[in-house]
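Undergrad:
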Amino acid sequence: MTVDNEVKLVIFDKDGTLVDFHRMWLPWAEETVQLLENATGRPVGPAVYKTLGVDPIQGKVSMGALAEKTLTGIRADVSATLQTFGISAIDADAIVERAVPEASKGQTAPVCDLQKLFRELRSLGCKTALCTADSRVATEHQMRVLGIANLLDMVVCGNDVGIIPKPSPHCAIQICKRLDVALNQTIMVGDTIADLKMGRVAGLRCTVGVLTGVGNRDTLKEYTDYFVRMLYTF
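Its first residue numbered 1, the sequence shown is counted upward by one per residue in the UniProt record's numbering.
1. By alpha-carbon positions, which one of PHE85, VAL189 and ARG229 ends up nearest to TYR223?
2. From the DSSP output, read off the bridge partner residues of THR128.
3. Excluding the 5 residues preceding and the 5 following PRO27 in the sequence, name in chain order all residues of the same chain whose CB lies nearer than 6 Å to its CB.
4. Whose C-alpha, out of ASP134, GLN83 and MET24, is nearest the C-alpha of VAL54?
5. Can you tell me which residues form a DSSP beta bridge with MET188?
6. Enumerate, from N- to C-terminal direction, the unbroken alpha helix (DSSP H) stretches of 4 or more residues contained entirely within the region 52-99.
7. Spatial neighbours of LEU33 within its chain, please: C-beta separation below 6 Å, excluding the five flanking residues on both sides.
8. Alpha carbon to alpha carbon, what distance is there between THR132 and ALA202?
9. Find the nearest neighbour of GLU140 within the set LEU204, ASN38, ASP160 and GLU68, judged by alpha-carbon distance.
10. With a cut-off of 8 Å, do at least 3 Cβ pairs link the region 175-182 to the region 92-99?
11. Between THR158 and THR40, is the Cβ-Cβ spacing less than 7 Å?
12. Can you tell me where the alpha helix (DSSP H) holding MET230 begins and where it ends?
13. Taking 6 Å as the cut-off, does the CB of LEU146 come closer than this to any heavy atom belonging to the ligand GDP?
14. Could you check where the beta strand (DSSP E) with VAL201 kicks off and where it finishes?
15. Report yes if the CB atom of ILE74 is closer than 7 Å to the CB atom of ALA67, and no otherwise.
16. Residues in the same chain with beta-carbon distance under 7 Å from PHE227, minus the five sequence neighbours each way, listed in chain order, please.
Following this line, the structure appears as structure tokens:
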């Protein structure tokens, strides 16, 4: 691995960047659709899948609420979808609050040897941070499972108090301030438009798009300085 010696901090997204997004979240999407159809008694599944950005036939997640928003944002979008079936806003919100799970029961599968990656970055003098739309409870559990909880200098989650979610530059700027690293010495690594736009708008040194998640070169190119096929080639 080679990292510019001017780089002092690498901020990573989690799902789709460090862990396999599809294996993690497809089971969640399937469970959510089943719970919503049971709760509403209506065939809302195809519309909800579309809102989430999930193709249940291909078994893939693409750009959409699931890949790019916090749980609060996902629930708001799903509620709006239910309302197109004639369900009132109040009822839709209540159904979503009960039926949309907070955490996924899917598999936490790393995209590469993450312990080796983070130890090598540390040996090169780079601090590391995680910025995810996922909840703190779920994220901390996954970091322990992956064995990297003690290798990260900072973790920011989607339900932390006071955050402004990606693609706002807020989280990237706050991470740099907390870790005392200049914006132009920091890079952002992610697999979605939200990840990379955050880095670009924040004025980070560069953005790196990984192609193991939900994005591809065409969808990510506007906000990506460099692409890598797999994380450990970074």
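Heads up, the beta-carbon is just placed ideally off N, CA and C, and yes, glycines get one too.
TA: Short version:
1. Taking the sequence shown and counting its residues from 1, one reaches residue 223 at position 223. Of the candidates PHE85, VAL189 and ARG229, the one whose C-alpha sits nearest the C-alpha of TYR223 is VAL189.
2. Numbered from its first residue, the sequence shown carries residue 128 at position 128. THR128 pairs with VAL10.
3. Position 27 of the sequence shown, counted from the start, is the residue given in the question as residue 27. Cβ within range, chain order: LYS105 and GLY106.
4. Taking the sequence shown and counting its residues from 1, one reaches residue 54 at position 54. Considering only alpha carbons, the answer is MET24.
5. For this step, residue 188 is matched to residue 188 along the sequence shown. According to DSSP, MET188 bridges with ILE11 and THR207.
6. 65-68, 71-83 and 89-99
7. Translated into positions along the sequence shown, residue 33 becomes position 33. Reading off the sequence shown, one finds Val at residue 33, where the question assumed Leu. If we look at VAL33 and ignore the five residues flanking it on each side, its Cβ neighbours are GLY45 and VAL48.
8. Translated into the one-based positions of the sequence shown, residue 202 becomes position 202. Translated into the one-based positions of the sequence shown, residue 132 becomes position 132. C-alpha separation (whole angstroms): 16 Å.
9. Numbered from its first residue, the sequence shown carries residue 140 at position 140. Closest option to GLU140, Cα to Cα, is ASP160.
10. no
11. Counted from its first residue, the sequence shown places residue 158 at position 158. Counted from its first residue, the sequence shown places residue 40 at position 40. Here residue 158 is Gly; the residue named in the question, Thr, does not match the sequence. Cβ distance not < 7 Å, so GLY158 and THR40 don't count as in contact.
12. Numbered from 1 along the sequence shown, position 230 holds the residue referred to as residue 230. It is not in any alpha helix (DSSP H) - MET230 carries neither H nor E in the DSSP assignment.
13. Summarising the ligand content, the structure contains no ligands, and the ligand GDP is consequently not present.
14. Numbered from its first residue, the sequence shown carries residue 201 at position 201. Not the beta strand (DSSP E): VAL201 falls in the alpha helix (DSSP H), residues 193-202.
15. In the sequence shown, the residue the question calls residue 74 occupies position 74. In the sequence shown, the residue the question calls residue 67 occupies position 67. Taking a C-beta distance under 7 Å as the contact criterion, ILE74 and ALA67 do not qualify as a contact pair.
16. In the sequence shown, counting from the first residue as 1, residue 227 sits at position 227. Result list for PHE227: GLY209, LEU211 and ARG217, in chain order.
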